[in-house]
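Chemist: As they're listed, the protein sequences go chains A and B. FYI, in the working numbering the residues of the first sequence are 8 to 108. FYI, in the working numbering the residues of the second sequence are 36 to 202.
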Amino acid sequence: MNVGLENYLVVSAVLFCLGLLGVILRRNLLVIYMSLELMLNAANLALVAFSRFNGHLNGQVMVFFIITVAAAEVAVGLALIVALYRKRQTAQVEDLTSMKL
Amino acid sequence: MQNLFFYLFALLTLLCAFLVVANPFSRNPVTSAMFLVLTIVSLAGLFVLLHAFFLAAVQVLVYAGAVMVLFLFVIMLLDFKEEELRKLNRFGVAAGAVSVAAIALIFIQAILASRPAANLPPPTLEGATQPLGRILFTDYLLPFEILSVLLLVAMVGVILLSKKDLK
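1) Bridge partners of A:Q99, per DSSP?
2) Under 9 Å, Cβ to Cβ, is there at least one residue of chain B near A:M41?
3) Would B:M111 count as contacting chain A if we go by Cβ distances under 9 Å?
4) Note down, in chain order, all residues in the segment 69–90 of chain A with a beta-carbon under 8 Å from any beta-carbon belonging to chain B.
5) Is DSSP giving B:Y175 helix, strand or coil here?
6) Excluding sequence positions up to five away, which residues of its chain have a Cβ less than 7 Å from the Cβ of A:Y92?
7) Quick one, which residues of the segment 46–62 of chain A are near chain B if we go by CB-CB under 8 Å, in chain order?
8) So that I know if they touch, is there some Cβ in chain A lying closer than 9 Å to that of B:S134?
9) Using 9 Å as the threshold, is the C-beta distance between B:L49 and A:L25 below it?
10) What residue from B:T66, B:I170, B:G100 and B:F53 has the CA that sits closest to A:M69's CA?
11) Out of curiosity, what's the CA-to-CA distance linking A:F72 and B:L182?
12) Counting only beta-carbon separations shorter than 9 Å, does A:R33 have a partner in chain B?
13) When we look at the beta-carbon of B:V72 and count the other beta-carbons within 10 Å, is it buried (16 or more) or exposed?
14) Which same chain residues end up closer than 7 Å to A:F60 when comparing Cβ atoms and leaving out the 5 residues on each side of it in sequence?
Here it is, written out as structure tokens:
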């Protein structure tokens with residue numbers, strides 16, 4: 008059986024769902040962040056597959072942009088986590104309830 | 036041969052991604068980070084199979100290099116200890132798993148129902164670095180410049196956030 012677009016899309020969808028599962032289940036802020044990266048990578052895989060099977064490069068340029076934005080996002084997010092840890096001595100989402108009513 | 040490599044890399048990607056999210060042996064963030072590196076490298080393998088050679092290189096350099104070093108650096112800096120002691124809320128785990136499984140089912144149904152074209156177009160300008168660079172500096176010049184401003188903003192923001200006396 009020949010590998011087509013749908014195979015790549017299924018892999019991408021399952022990868023996205025694994026990332027979503029991590030965001031929902033895990034309680035450590037850093038692991039939640041890593042799961043976010045997984046979801047971004049799933050989107051990248053889908054875009055590259057579309058770009059390949061449609062025969063033009065716009066999808067790959069999009070992935071290039073996504074990788075750059077993700078790098079900036081990781082830098083800012085990790086700085087936020089470090090600042091939070093310095094203030095509250097925790098990186099568990101259960102302990103961060105000061106905005107709860 | 037290509038099919039074999041596709042299944043190999045896809046299996047490796049999904050297995051390592053699962054071990055990032057729910058490792059049955061260890062809840063240590065360092066283990067998750069290491070499996071995330073493996074996931075990213077096998078995704079780069081999938082990119083190579085899709086003839087996106089430049090993006091595969093960028094993926095390894097930026098993600099497996101820079102981003103993961105940043106993650107590991109923060110993990111070392113923060114020094115978690117108490118994670119092992121926490122217990123997961125059983126109801127929350129079940130509800131989350133069920134809803135994510137439902138979303139996965141919807142995705143896969145939608146993909147299989149739309150029946151995308153399976154025939155490969157001839158790889159004329161696919162993934163070569165030169166056409167990618169040309170398109171990046173002609174059609175996408177403005178987003179490219181905005182992106183450089185974004186990186187500058189992120190850098191300033193990070194420096195401001197990591198100052199000692201955060202107001």
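A virtual CB, placed ideally from N, CA and C, is assigned to each residue, including glycine.
Modeler: The relevant details are as follows:
1) A:Q99 pairs with A:N35.
2) For A:M41, the answer is yes, since a Cβ of chain B falls inside 9 Å of its Cβ.
3) It does not; no Cβ of chain A falls within 9 Å.
4) Result list: V70, F71, F72, I74, T75, V76, A77, A78, A79, E80, V81, A82, V83, L85, A86, L87, I88, V89 and A90.
5) B:Y175 carries a coil assignment under DSSP once its states are collapsed to helix, strand and coil.
6) Within its own chain, the residues whose Cβ lies closer than 7 Å to the Cβ of A:Y92, once the five positions on either side in sequence are excluded, are A98, listed in chain order.
7) Listed in sequence order: N48, N51, L52, V55, A56, S58, R59, F60, N61 and G62.
8) At least one chain A Cβ lies under 9 Å of B:S134.
9) Yes, they are a contact pair.
10) The shortest Cα separation from A:M69 among B:T66, B:I170, B:G100 and B:F53 belongs to B:I170.
11) A:F72 and B:L182 have their C-alpha atoms spaced approximately 8 Å apart.
12) For A:R33, the nearest beta carbon of chain B is closer than 9 Å to its own beta carbon.
13) When all chains shown are included, B:V72 counts as buried.
14) Sequence-distant partners of A:F60 (beyond 5 residues in either direction) whose C-beta falls short of 7 Å from its own C-beta, in its chain, are L12.
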